[in-house]
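Beneath this line is the structure, given in structure tokens, with notes to follow.
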Amino acid sequence: MSVQNNLRVAVYCQTSCHCPDLITVQRFTISEALRERCDLPPIIRVYADDGRCPDTQVREQFQTMLLDIGAGLIDCIAVMGRQRLAHRDVDYLELKRFLDRRGVAVILCEQAPAQFVRVT
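In full-length UniProt numbering, the protein residues as written are 1 to 120.
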């Protein structure tokens with residue numbers, strides 16, 4: 001990725017059942033992939049909802065991330081799969097409209113080895 005300023009990235013980690021190790025793997029994998037591919041060191045904020053279902057908006061860190069996006073603190077969200085943001089297509093499309101209005105991209109990342117697969 002090539003940018004003129006440090007990219008401000010929200011790394012969103014989520015698990016449906018309590019699993020701190022999986023949160024750590026997501027955080028580390030995404031953060032390292034970002035550091036390897038950005039020209040300037042990214043400014044990373046980690047938001048983690050451990051044991052929270054993506055079918056609900058009652059996710060404290062998810063809501064905090066949305067507030068930070070609304071405040072203009074985030075350029076993009078990096079996540080290990082779209083389903084961590086929202087399982088249902090209709091929910092993801094609603095989130096995507098919110099992000100598009102604020103100029104925030106979603107970077108989907110795969111694990112082992114981590115690679116960016118899509119910017120939407």
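Cβ coordinates follow ideal geometry from the N, Cα and C atoms, glycine included.
Note that the structure is a prediction, hence the values are computed from the model and not measured.
Chain C within 9 Å of residue i, Cβ atoms only
| i | result |
| --- | --- |
| residue 46 | Reference to chain C is not applicable here, since this structure consists of a single protein chain. |
As assigned by DSSP and simplified to three states, the class of residue i
| i | result |
| --- | --- |
| residue 67 | helix |
| residue 74 | coil |
| residue 90 | helix |
| residue 102 | coil |
| residue 79 | strand |
| residue 29 | helix |
Spatial neighbours of residue i in its chain, beta-carbon cut-off 6 Å, leaving aside the 5 residues before and after
| i | result |
| --- | --- |
| residue 22 | 15 |
| residue 8 | 43, 74 and 75 |
| residue 119 | 105 and 107 |
| residue 13 | 23, 26, 27 and 48 |
| residue 1 | Since pLDDT at residue 1 reaches only 45, below the 50 mark, its modelled position is unreliable, and no value is offered. |
Burial state of residue i, where buried means 16 or more other Cβ atoms lie within 10 Å
| i | result |
| --- | --- |
| residue 29 | buried |
| residue 109 | buried |
| residue 66 | buried |
| residue 17 | exposed |
| residue 55 | exposed |
| residue 34 | buried |
| residue 40 | exposed |
| residue 62 | buried |
| residue 90 | exposed |
| residue 58 | exposed |
Inter-residue spacing [alpha-carbon to alpha-carbon] between residue i and residue j
| i | j | result |
| --- | --- | --- |
| residue 85 | residue 50 | 13 Å |
| residue 72 | residue 83 | 24 Å |
| residue 93 | residue 87 | 11 Å |
The stretch 69-89 contacting the stretch 98-110, beta-carbon criterion three pairs below 8 Å: yes
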